[in-house]
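Q:
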Amino acid sequence: MKEAVFPFTKFPGVDIVLGPEMKSTGEVMGIDRNMGLAYAKAQMAAQPPLPSKGNIFISVPDGAKSRAVEIARGFAELGFTLCATTGTAAALQAAGVPVKKLFKLGEGRPNALDMLKNGELAMVINTPHGKAAREDEVKIRSTASSSRVPVITTLRAAKASLEGIRALREHGLNVRTLQEHHAG
2 MKEAVFPFTK
12 FPGVDIVLGP
22 EMKSTGEVMG
32 IDRNMGLAYA
42 KAQMAAQPPL
52 PSKGNIFISV
62 PDGAKSRAVE
72 IARGFAELGF
82 TLCATTGTAA
92 ALQAAGVPVK
102 KLFKLGEGRP
112 NALDMLKNGE
122 LAMVINTPHG
132 KAAREDEVKI
142 RSTASSSRVP
152 VITTLRAAKA
162 SLEGIRALRE
172 HGLNVRTLQE
182 HHAG
């Protein structure tokens, strides 16, 4: 019998960025003494889990580029290949972080949508460029979500993802009951 596959996004094409109401609503939790492992566990429960390897697309607004550099450097040090459009790629290259430059959606190919549709991206870090989401951002985030690729929409979550992946590699995954956790 063939397994049924249900789309992850309830409303295809709708931006997945959460508003203030949903940011304060928790659906899952992860518990560990290590913050990175706790975050990784929460991502496993929420689905899709954080990747252990592969290509990461990163696109951040100008005001966030300097903060994104260290996060991107961390992913590169873990062996991920970074992909970015012109502005983010230039900021990463200027800081000595290796990055593969991609075209913006209307500029040509390869672009982030091509890579998502080809199953070539393991994660997307795409923070909104202002209050009104740009059409390309919405397409990338909704396609990633429907393709079951983790989508990170804040630098804070990107850093937590980096720490989670690093912690999984260093410590592995262990599961304890709540009683064991509280007993020490």
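Last residue of the sequence shown: 185 (our numbering), numbering continuous. Glycine residues also receive a C-beta, built at the ideal position from the N, C-alpha and C atoms.
1) Could you pull out every unbroken alpha helix (DSSP H) segment of at least 4 residues lying fully inside the region 46 to 87, listed in chain order?
2) Mapping DSSP to helix, strand and coil, what is Lys42?
3) Determine, using beta-carbon pairs with one atom in the region 99 to 107 and one in the region 132 to 152, whether at least three such pairs fall under 8 Å.
4) Along the beta strand (DSSP E) that carries Met124, what are the first and last residues, could you check?
5) So what does DSSP say about Val139, is it helix, strand or coil?
6) What are the boundary residues of the alpha helix (DSSP H) that Asp115 is part of?
7) Going straight from the alpha carbon of Thr178 to that of Ile32, what length do you get?
8) Here's the rule: buried if 16 or more other CB atoms are within 10 angstroms of the residue's CB, otherwise exposed. What is Glu71?
9) Rounded to the nearest angstrom, what separates Thr89 and Gln180 at their Cα positions?
10) Taking C-alpha atoms, which residue in Glu171, Lys160, Ile141, Ser147 lies nearest to Ala113?
11) Taking the C-alpha atoms as reference points, what is the distance between Asp115 and Ala92?
12) Check whether the region 59 to 74 touches the region 144 to 159, taking contact to mean three or more Cβ pairs, one atom from each stretch, closer than 8 Å.
13) Taking only three categories from DSSP, how would you classify Ile32?
14) Return the residue from the list Val29, Pro50, Asn35, Ile59 that minimises the CA-CA distance to Thr154.
15) Give me whichever residues DSSP pairs with Lys101 in a beta bridge.
16) Around the C-beta of Ala184, are 16 or more other C-beta atoms found within 10 angstroms, so that it is buried, or is it exposed?
17) Can the beta-carbon of Ala85 be found closer than 8 Å to that of Val100?
18) Where do the ends of the alpha helix (DSSP H) carrying Gly107 lie?
19) Between Lys54 and Ala39, what straight-line distance do the alpha-carbon atoms span, to the nearest angstrom?
20) Which one of Leu163, Asn127, Glu164 has the shortest CA to CA distance from Ser146?
A: In terms of the structure at hand:
1) 66 to 78
2) helix
3) yes
4) 124 to 127
5) helix
6) Following the DSSP letters along the chain, one finds Asp115 inside the alpha helix (DSSP H) bounded by residues 113 to 118.
7) Computed Cα separation, rounded: 10 Å.
8) Label assigned to Glu71: exposed.
9) 45 Å
10) Ile141
11) Between Asp115 and Ala92, the C-alpha separation is close to 23 Å.
12) yes
13) coil
14) Ile59
15) When DSSP reads this structure, Lys101 sits in a beta bridge with Cys84.
16) By the 10 Å Cβ count, Ala184 comes out exposed.
17) yes
18) Boundaries cannot be given for Gly107, as no alpha helix (DSSP H) includes it and DSSP labels it neither H nor E.
19) 19 Å
20) Asn127
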